[in-house]
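For reference, the structure discussed in these notes is given below.
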Amino acid sequence: MGETPFLRMEEIVKTFPGVVANDRVNLEVRHGEIHALLGENGAGKSTLMNVLYGLYQPNGGRILLEGRPVAIHSPEEAIRLGIGMVHQHFMLVPPLTVTENVILGLPGARGILLDQAEARQRIQEIADSYGLEVDPDAPVGTLSVGVQQRVEIIKALYRGARLLILDEPTAVLTPQEIQGLFTVMRRLVADGRNAIVFISHKLDEVMAISDRVTVLRNGKDVATLETQATNKAELARLMVGREVLFRIEKPPAEPGPVVLEIQDLVVRDDRDVPAVRGLSLEVRRGEILGLAGVDGNGQRELAEAIAGLRIPEAGTIRIQGQDVTRMDAGDLLRFNLAYIPEDRQREGLVLDFTLSENFIAKRFRRPPFSVRGFLRHPAILDFARRLIRRFDVRAPGPEVEARKLSGGNQQKVVLARELSQEPDLIISAQATRGLDVGAAEFVEQQMLAQRARGAAVLYISNELEEIFNLSDRIAVIHRGEIMGVVRPDQVTPEELGLMMAGIRREGAPATESPAEPVSSNPGGHP
Amino acid sequence: MDMDALIGLLHATIRLTTPLLFAAIGGLYNERAGVINIALEGKMLLGALVGFMVAFSSGNPWLGVLAAAASGALVALLFAYVTITLGADQIVSAVAINLMMLGFTGVVFRLMKAANSGSLSAPTFQEWTIPGLAQIPVLGPVLFRHLPLVYLAFLLVPLAHFIFYRTTWGLSIRAVGEHPRAADTLGVKVRTVRYLTVLWGGAMAAIGGAVLSIGHNSTFIENMTAGRGFIAFSAIVFGKWTPLGTMLASLLFGFADALQLRIQAGILEPLFRNLGIQEVAYQIPVMLPYVVTLVALFFIGKSHWPAAAAIHYDREEG
Ligand SMILES: Nc1ncnc2c1ncn2[C@@H]1O[C@H](COP(=O)(O)OP(=O)(O)O)[C@@H](O)[C@H]1O
Ligand SMILES: [Mg+2]
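Heads up: the protein sequence lines correspond to chains A and B, in order. Here the numbering used here is used: the first residue of the first sequence is 1, the next is one more, and so on. Here the numbering used here is used: the first residue of the second sequence is 1001, the next is one more, and so on.
Have a look at this one:
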């Protein structure tokens, strides 16, 4: 049509030490469109948008806005050009109120004096016209992630953004909240003046909301397609670079006796507020219990309490029938428990240690790895080489530091250490977060292998698809309580979404283990 | 204790709080912006020396105060460059500055003594008695018969409160201390905010030091601050990073200082005599302010530091 596109990014190059994050990337966004930027973790999506937002300076290429070349040296300049960005990790100051967060950095109408009354009113207007309901006086730290995201969008609109970048906005939302976000997005582009760049690695969402889609792989743009003219399979192939299976096959579960039994557990978080509030559940030998929920609903505290890293305030945790409620991680070693923590870089690994050192972290005190207090290097190296082979860790050798590995390989190191001990119980927290499709598949296969071996697995994840794929039963956590326990074949994602949003499942079919029903009420008394 | 003694004690509390208050309220700005400042001590000490030297040679104590402020800002500039621009560790850099200032002021003062055979006594400030208010019983003599710098110090408290909570500057400062990246994405100039607050804090700390040398005394003494910079730092923590809290904490420490001076002067003699204690070593009361600091920090419970305190910010480091 010869119409000038809203945005053109041409041949953008951005390198970080040792990484080419964007390798001559082109992107064109038209007025009135929702343009999806699709790619695996690490493909360079955030980097490209940070370049557009003036946070990163590109090493090459140019940017045109409505046909005019622009140089964007700082976020301030991006804002002035009408670009707004909602970052993957929210850029909100938790102790400040919504209004303070929105007006931060703007010159006030009254010079240096803060004019909150007028700001509050404008926030209300924006909120009303796009359906972005918020309380302007609430401290942002007290709001749920879904509401915080609205604050982020309001922040951009308040500054007059016409090109809105949403970096993985759905990662933290329930399915219902995602629908709400999509409604807002459609409203924003309805008049044809604005445009949205929607970043995601989820194919369903891209298919559902975008007009066109640009796929990034390894820092390069591999295609730009009309969404109507493509499909999930093609997008997946473009994104990953090979054929992808959407479902993994798994044989039916053969659950045995209860391995982990939790009753009325109460655990406080770092801010000393109860994050797990009277939670009960049990996991049996040879089954995977998926724990679904929006991030920050007590999953971390629950996992840490079981792993002996956080002392519960009340309730009991039993492993193989023994009360371990007050035991620390050291005491728990003899229970043969594997723990795959949420943050592999800070808790799962010692990044400055070598792979071998990381592998033996739990058992270096025992033969063959040490004898009378001296480490036996030949035994350690031999063990490390075996694990590297068995778990397919891509690393130059057992003596490199864990820091030097990619995220997926780091996770394999954690898995190798934890699973090679043939654990009876596995606590896995967000094990595939930030991994590419291949590495995530590997993690899932390992979990199924452990289940087949007879381990009891508590699989915590906020990726619903993964929960459906792996779980024999699904428990949903909301604000530290279990909203219900269901079988994956008897529930839809929408129903799970409601439970994740705090709506208890009424009259759920008496759930689901052959031996005895699992209670979904927190009291949990037989 | 009779009334006069009480008034004396409270008056001294206000007086002795003043140097702490300058340093603490000044330091509060950069702390809120995420720069930890345990270099208050060194900046106070430099301010004490420079204030004294300039007042001594010019004959004007106000010039001494201005010069002190400038010297404090200059050292703060060095600190800011090393930490904010180069990304050096804030604690280590501050320790270096403290040690450097201790040595530097000692050497310069000795050279000055060697060069001046006569007495080294600087002109000092006169008390300002506030007409009317000073006549109020008890309160008047406690609050309204002080050096001008004392009033100035206490005026800095509402000023800080106003700036932090009622201006766009204050909002930027608070945001930078909590989440610099968020502030940066909204066009707040993180480095500029940090630089300016560090400079301001340095100037104020140095004025606090000058209060010691040309306010309360008329001379400089080696290591004259004797840890007051650290006490001021504790006052910020104890005051939970608010201007009002910081002032109250400073007053508590000032009171401890006033009390120990009186104990040294013998107000507790009768009590000790009754208890059959012959003599109390002077070192024991001298410890009081430091002990109070320790005990106070013990009781404050969990404190919530600005989330980005002591963390270097670089835009391109993801
Ligand atoms: N600030 C940074 N410093 C160094 N490397 C970075 C930085 N930001 C991103 N990278 C690297 O650039 C690549 C692309 O990352 P990113 O743009 O975040 O990917 P995506 O958003 O698609 O998941 C990754 O290899 C990542 O490790
Ligand atoms: Mg990203």
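Even glycine gets a Cβ: it sits at the ideal position worked out from N, Cα and C. Since the model is a prediction, treat every value here as computed from it, not as a measurement.
Burial state of Y1282(B) (16 or more Cβ within 10 Å): Y1282(B) comes out exposed.
Any heavy atom of ligand 1 within less than 6 Å of residue CB: hits in chain order: Residues with a Cβ closer than 6 Å to any heavy atom of ligand 1, in chain order: F16(A), V19(A), A21(A), G39(A), N41(A), G42(A), A43(A), G44(A), K45(A), S46(A), T47(A), E1316(B), E1317(B), G1318(B).
Ordered list of alpha helix (DSSP H) runs contained in the region 125-192 of chain A, each at least 4 residues: For the region 125-192 of chain A, the full-length alpha helix (DSSP H) segments reaching 4 residues or more read 145-158, 175-189 along the chain.
Closest residue to V215(A) among M207(A), L225(A), I209(A) (Cα-Cα distance): Comparing Cα-Cα distances from V215(A) to each of M207(A), L225(A), I209(A), the minimum goes to L225(A).
Neighbourhood of F1255(B) by C-beta, 7 Å cutoff - its chain only, sequence neighbours within 5 removed: If we look at F1255(B) and ignore the five residues flanking it on each side, its Cβ neighbours are T1013.
7 Å Cβ cut-off: residues of chain B touching I112(A): Those within 7 Å of I112(A) in chain B are T1167, T1168, W1169.
Beta-bridge partners of S527(A), as assigned by DSSP: Nothing about residue 527(A) can be reported from this structure: the residues present for chain A run from 1 to 526 only.
Contacts that V93(A) makes with chain B (C-beta to C-beta distance below 8 Å): Per Cβ cutoff of 8 Å: R1174, A1175, E1178, H1179, A1182, A1183.
For T1246(B), the three-state DSSP class (helix, strand or coil): In this structure, T1246(B) counts as helix in the three-state DSSP scheme.
Meets three-Cβ-pair contact criterion under 8 Å: the region 318-334 of chain A and the region 405-414 of chain A: Touching, no.
Coarse secondary structure for V273(A), derived from DSSP in three states: Secondary structure at V273(A): coil, using DSSP grouped into helix, strand and coil.
Terminal residues of the alpha helix (DSSP H) in which K528(A) lies: A query on residue 528(A) cannot be resolved here, the shown segment of chain A reaching from 1 to 526 and no further.
Cβ shell of G241(A) (< 7 Å), same chain only, five flanking positions each side left out: Closer than 7 Å at Cβ, skipping near neighbours: R217.
Cβ neighbour criterion (16 or more within 10 Å) applied to M500(A): Its Cβ being crowded by 16 or more others within 10 Å, M500(A) is buried.
Short Cβ contact (8 Å threshold) for L132(A) with R150(A): Against a cut-off of 8 Å, the Cβ pair of R150(A) and L132(A) comes out as a contact.
Where Q1090(B) falls, given that 16 or more other Cβ within 10 Å makes a residue buried: Q1090(B) comes out buried.
For R285(A), three-class secondary structure by DSSP: In the structure shown, R285(A) sits in coil (DSSP, three-state: anything other than H, G, I, E or B).
Residue closest to E76(A), alpha-carbon to alpha-carbon, out of N59(A), V86(A), P69(A), G105(A): For the residues N59(A), V86(A), P69(A), G105(A), the minimum Cα distance to E76(A) belongs to G105(A).
Proximity below 8 Å, CB of S210(A) to CB of E168(A): No, the pair does not count as a contact, with Cβ atoms beyond the cut-off.
Whole-angstrom distance between G1072(B) and R344(A), CA atom to CA atom: Each residue's alpha carbon lies about 45 Å from the other.
Nearest-angstrom Cα separation, counted from S280(A) out to I503(A): Going by the C-alpha atoms only, they are around 17 Å apart.
G1034(B): contacting residues in chain A (beta-carbon distance under 7 Å): What G1034(B) touches in chain A: nothing, since even the nearest Cβ is about 11 Å away.
T1197(B) - containing beta strand (DSSP E), residue span: Here T1197(B) belongs to no beta strand (DSSP E); instead the alpha helix (DSSP H) covers 1190-1210.
V476(A): first and last residue of the uninterrupted beta strand (DSSP E) it sits in: It spans 473-478 - the beta strand (DSSP E) in which V476(A) sits, taken as one unbroken run.
Beta-ladder partner(s) of L1171(B), from DSSP: Listed as beta-bridge partners of L1171(B) by DSSP are no residues whatsoever.
Same chain, Cβ closer than 8 Å to A402(A), neighbours up to 5 away in sequence not counted: Cβ within range, chain order: L349, V350, L351, D352, F353, T354, L355, N358, Q410, V413.
Proximal residues of chain B, C-beta to C-beta of Y56(A) below 7 Å: Those are E1316, listed as they occur along chain B.
Beta-carbon neighbours of P537(A), restricted to chain B and to distances below 8 Å: There is no way to answer for residue 537(A), as the model of chain A reaches only from 1 to 526.
Interface residues of chain B facing P536(A) [CB-CB closer than 9 Å]: Outside the shown range of chain A (1 to 526) lies residue 536(A), about which nothing can therefore be said.
Cβ-heavy atom distance, G168(A) to ligand 2, below 7 Å: According to the sequence shown, residue 168(A) is Glu rather than Gly. Yes, Cβ of E168(A) sits closer than 7 Å to a heavy atom of ligand 2.
Identity of the residues DSSP links to E444(A) by a beta bridge: E444(A) is not bridged to any residue.
Alpha-carbon spacing of L1275(B) relative to I1263(B), whole angstroms: Approximately 15 Å, taken between the alpha carbons.
Neighbour-count burial assignment, S46(A), 16 or more Cβ in a 10 Å radius: If you draw a 10 Å sphere on the C-beta of S46(A), you find 16 or more other C-beta atoms in it, and that means buried.
Min CB distance H87(A) to chain B below 8 Å: With 8 Å as the cut-off, H87(A) counts as an interface residue toward chain B.
Residue environment, I1311(B), which counts as buried when at least 16 other CB atoms sit within 10 Å: The residue in question, I1311(B), is exposed, as its Cβ has fewer than 16 Cβ neighbours within 10 Å.
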